[in-house]
Amino acid sequence: MAILKRSSTMLSLVIITSLLAVASSKPCETGESHSELLLSLNKNLLRSLDNQEGLPNPSVHLALRLSDNHNHVKEGEHINRLKTSLHDDIQSSLSNSQSVVGLLALYTLALKSSCHDLNTITFTVNDKSETLLTHLKKQMEREKEHIAFSQRPLTNYYQYSLGVLALCVSGVRVNNHVTNKLIKAVELQHFTHGETESVDTYAMAGMALQCVKDSGSHVHNAAELETAIMMTKQKLLAARRPDGHIGNEFSTGLAVQALLAMGSEVADCAPSMKAMRTAARNNVYHNPMSISQTLPALYKQSYLSVKSKECLHEHDTLVLEPLDPVAVLPSQTKVAVTVEVVTSSGEAAVYSVSVPKSSSLLEALTLLQEKSAGFTFETESSLWGPFLSVINGEQARQSDRRFWHLSSEGTALSQGVADFKIGADQRIAIRNTSY
Ligand code: B12
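Structural data, given as structure tokens:
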């Protein structure tokens, strides 16, 4: 009896030890599945397809395809919208010789994540029809030339990295000179976002460089490539805050994706996984774009997974229950907002408005404009929502490397005008800043 008991204890020990070994052999394994939370984020992302104004979002498609649960009908409808509306939009940008490398790359990743034959997708410029991948390669050449000429891409290094990644996961050999420019930029620490380091860009560059390394095509400069990947990894780990987020709440998803792609150990990203789950429970990720960059990481996937995606044996189980309509009435409590606008010449003007508590900054600016207080503004649409582009007729143009920087009490806002909510009396500064 005693022998039997001891052997069954031994057996349990062996089983527990083996289970622990399996868990710890997978990078970033967190032990528990947290499937309820992930399912609800997955549903919110799917629901965003119905609420989308403007262009269909390729980043949202990519994240849906990297998730564990699927709705094949809705995903199928969405890929068709990408192939029509987004395709037409990119076509017109290409016809106008605009740089759209980031959008082209996201479109490529979205198609590839649905196992679409990329060779069937073409664009016609100057009466010449060429494939999507040929156009992406050409756009990357232009970006590379621009870096050679002025030390910066035409767009930014985030989009440049997306371009390398999209070509690489599609099995296209990335030109060594193109990769070298990215390696150099990591070495020279050229990745900035306004006045701070861009964790998002390090993450995207890390995934791109890891893909190139795995493809085995970059043999001439293998040591430099390895060093750049190591540096990127160190940058991401060094940017980890005490609460586990890497950079901020909105860069952590991409950073964890990159660490996963670069084969990190459990200890490297378990605290960040936890931080993202806490943020998700606190409804920090309500912008579909932020869910789209975070959810793959929570599913322990990265954009690199697209390379080996086969689209077989998927669970067609993601069903949306109808939502009870919730009427959100404006709060009775009012808060006072002071908006300070500082133009490129340094001239400052201050405006005040009182708005219902929890209004967005966009709603506050709209009220201010309606009050005819001499304040006007314009926005441009983007995948993240409205980007503030013009104030009182003055444009802060990306082509001039300027933007309207948002801050409150000396701290840069981590969200844009539509997402930032005003919970208490507040002073917002909007400065025309160069970058
Ligand atoms: C590059 C970049 C910038 C550049 C863009 C210009 C350029 N050519 O380089 C500059 C420096 C201008 C910028 C500004 C801001 N940015 Co920014 N930006 C990025 C970055 C690194 C890449 C964007 C990109 O090229 N995407 C690829 C292309 C294909 O997508 P796209 O939608 O067409 O890209 C355009 C828009 O994204 C737009 N854009 C850039 N940032 C933001 C921010 C918001 C809120 C909106 C609506 C649009 C927008 O510019 C892009 C290029 O044209 C992302 C990182 C990320 N994870 O996405 C952060 C990111 C989008 N930015 C962010 C923020 C917070 C800002 C600012 C609000 C910062 C501030 N305090 O002022 C401002 C925007 C203010 C405004 N006027 O409305 C956050 C948004 C988080 C959120 N939940 O909303 C991100 C995710 C970075 C982060 N982790 O904090 N940004």
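The sequence shown stops at residue 425 when you use the numbering used here, and every number in between is there. Where is the CB? At the ideal position from N, CA and C, for every residue including glycine. All of these numbers come straight from a predicted model, not from anything done at the bench.
### Query
Would the beta-carbon of Met197 fall within 7 Å of that of Leu155?
Stepping through the sequence shown from its first residue, residue 197 is reached at position 207. Stepping through the sequence shown from its first residue, residue 155 is reached at position 165. Result yes, Cβ atoms of Met197 and Leu155 sit closer than 7 Å.
### Task
Have a look at Ala414, Glu337 and Val329 and flag the residue whose alpha-carbon is nearest the alpha-carbon of Ser397.
In the sequence shown, counting from the first residue as 1, residue 397 sits at position 407. Nearest of Ala414, Glu337 and Val329 to Ser397, Cα basis: Val329.
#### Entry: Coarse secondary structure for Val343, derived from DSSP in three states
As a working note, residue 343 is residue 353 in the sequence shown. Strand, per DSSP.
### Query
Hey, how far is the Cα of Thr145 from the Cα of Arg132?
Along the sequence shown, read from residue 1 onward, the residue named residue 145 stands at position 155. Along the sequence shown, read from residue 1 onward, the residue named residue 132 stands at position 142. Rounded to the nearest angstrom, the two C-alpha atoms are 10 Å apart.
### Message
Let me check understanding here. Comparing Cα to Cα, which of Leu29, Phe377 and Leu172 lies closest to Ala138?
### Response
Numbered from 1 along the sequence shown, position 148 holds the residue referred to as residue 138. With distances taken between Cα atoms, Ala138 lies closest to Leu172.
### Residue from Glu311, Cys301 and Pro346 with nearest C-alpha to Ser321
For the purposes of this step, residue 321 is taken as residue 331 along the sequence shown, with counting starting at 1. Ser321 has its Cα closest to that of Pro346, out of Glu311, Cys301 and Pro346.
#### Entry: Contacting residues, own chain, Cβ-Cβ under 7 Å from Ser160 (five flanking each side not counted)
Working through the sequence shown from its first residue, we reach residue 160 at position 170. Within the same chain, Ser160 has close Cβ partners Thr98, Lys102, Leu108 and Leu123.
### Message
Given this structure, state the Cα-to-Cα distance separating Ala175 from Lys324, to the nearest angstrom.
### Response
Locating residue 175 in the sequence shown gives position 185, where the first residue counts as 1. Locating residue 324 in the sequence shown gives position 334, where the first residue counts as 1. If you take the alpha carbons of Ala175 and Lys324, they lie about 47 Å apart.
### Query
Leu396 bridges to which residues according to DSSP?
In the sequence shown, the residue the question calls residue 396 occupies position 406. DSSP, once it has assigned bridges, lists Ile420 as partnering Leu396.
### Query
DSSP beta-bridge partners for Gly375?
Translated into positions along the sequence shown, residue 375 becomes position 385. Gly375 pairs with Ser372.
#### Entry: Proximity winner among Phe410, Met279 and Ile236, relative to Asn32 (alpha-carbon distances)
Locating residue 32 in the sequence shown gives position 42, counting from the first residue. When each option's Cα is compared against that of Asn32, the closest is Met279.
### Query
Which class does His276 belong to by DSSP, given the choice of helix, strand or coil?
The sequence position of residue 276 within the sequence shown is 286, counting from 1. The answer is coil: DSSP assigns His276 none of H, G, I, E or B.
### Query
Where do the ends of the alpha helix (DSSP H) carrying Lys128 lie?
In the sequence shown, residue 128 corresponds to position 138, counting from 1. That run of the alpha helix (DSSP H) goes Leu122 to Ser140.
### Query
Grouping DSSP H, G and I as helix and E and B as strand, with all else coil, what is Asn514?
Nothing can be reported for residue 514, as the shown portion of the chain is limited to -9 through 425.
#### Entry: Beta-carbon gap between Leu45 and Leu76 smaller than 7 Å
In the sequence shown, the residue the question calls residue 45 occupies position 55. In the sequence shown, the residue the question calls residue 76 occupies position 86. Closer than 7 Å, so yes.
### Task
Count the CB pairs spanning the segment 257 to 277 and the segment 305 to 320 that are closer than 8 Å, and state whether there are at least three.
no
### Task
Pick out the complete beta strand (DSSP E) segments inside the segment 63 to 123, 3 residues or longer, and give them in chain order.
112 to 115 and 118 to 121
#### Entry: Cβ-Cβ separation, Leu35 to Leu54 (assumed contact under 8 Å), whole Å
As a working note, residue 54 is residue 64 in the sequence shown. As a working note, residue 35 is residue 45 in the sequence shown. Correct: roughly 6 Å between the Cβ atoms.
### Query
Okay, do the segment 207 to 215 and the segment 228 to 238 touch, 3+ Cβ pairs below 8 Å being the bar?
no
#### Entry: Ala228, enclosing beta strand (DSSP E) - first and last residue
Here residue 228 refers to the residue found at position 238 when the sequence shown is read from its first residue. Run containing Ala228: none in the beta strand (DSSP E); it sits in the alpha helix (DSSP H), Ala212 to Ala228.
### Task
Return helix, strand or coil for Thr186, following the three-state DSSP convention.
Within the sequence shown, the letter at position 196 stands for residue 186. Thr186: strand per DSSP, three-state reduction.
### Message
For a minimum of 4 consecutive residues, which ranges assigned as the alpha helix (DSSP H) are wholly contained in the segment 236 to 313?
### Response
242 to 251, 256 to 271 and 278 to 288
### Message
Please tell me whether, using a cut-off of 6 Å, the distance from the CB of Phe367 to the nearest non-hydrogen atom of ligand 1 is below it.
### Response
Translated into the one-based positions of the sequence shown, residue 367 becomes position 377. Every heavy atom of ligand 1 is 6 Å or more from the Cβ of Phe367, so no.
### Query
Thinking C-beta only, is Leu352 closer than 7 Å to Val316?
The residue labelled residue 316 in the question sits at position 326 within the sequence shown. The residue labelled residue 352 in the question sits at position 362 within the sequence shown. No.
### Task
With DSSP collapsed to three states, give me the class of Lys361.
Residue mapping note: residue 361 aligns to position 371 of the sequence shown, counting from 1. Coil at Lys361, not helix or strand.
### Message
Can you tell me whether Ser25 is helix, strand or coil according to DSSP?
### Response
One-based indexing of the sequence shown puts residue 25 at position 35. Three-state DSSP puts Ser25 in a helix.
### Message
Does Glu384 come out as helix, strand or coil in the three-state DSSP assignment?
### Response
Here residue 384 refers to the residue found at position 394 when the sequence shown is read from its first residue. Here Glu384 sits in strand by DSSP.
#### Entry: Phe240: CB within 6 Å of a non-hydrogen atom of ligand 1
Working through the sequence shown from its first residue, we reach residue 240 at position 250. Answer for Phe240: yes, Cβ within range of ligand 1.
### Message
On the CB-based measure, 16 or more other CB atoms within 10 Å of its CB, does Asn422 come out buried or exposed?
### Response
As a first step, residue 422 must be located in the sequence shown, where it is residue number 432. The residue in question, Asn422, is buried, as its Cβ has 16 or more Cβ neighbours within 10 Å.
#### Entry: First through last residue of the alpha helix (DSSP H) which encompasses Glu177
Here residue 177 refers to the residue found at position 187 of the sequence shown. Where Glu177 is concerned, the enclosing alpha helix (DSSP H) stretches over Asn166 to Glu177.
### Query
Hey, quick one: how far does the beta strand (DSSP E) through Val318 stretch, first residue to last?
Locating residue 318 in the sequence shown gives position 328, counting from the first residue. That residue, Val318, is in no beta strand (DSSP E); it is neither H nor E in DSSP.
#### Entry: Residue range of the beta strand (DSSP E) that includes Val329
For the purposes of this step, residue 329 is taken as residue 339 along the sequence shown, with counting starting at 1. Val329 -> beta strand (DSSP E) spans Lys324 to Val332.
### Proximity of Trp394 and Ala386 at Cβ, strictly below 7 Å
As a position in the sequence shown, residue 394 is number 404, starting the count at 1. As a position in the sequence shown, residue 386 is number 396, starting the count at 1. Cβ distance < 7 Å, so Trp394 and Ala386 count as in contact.
### Task
Just tell me which of Asp409, Met263 and Lys299 has its CA closest to the CA of Leu288.
To locate residue 288, count along the sequence shown from 1; it is residue 298. Comparing Cα-Cα distances from Leu288 to each of Asp409, Met263 and Lys299, the minimum goes to Met263.
### Message
I want to check one thing, is the minimum distance from the CB of Asp409 to the heavy atoms of ligand 1 below 6 Å?
### Response
The residue you call residue 409 lines up with position 419 of the sequence shown. Yes, ligand 1 has a heavy atom inside 6 Å of this Cβ.
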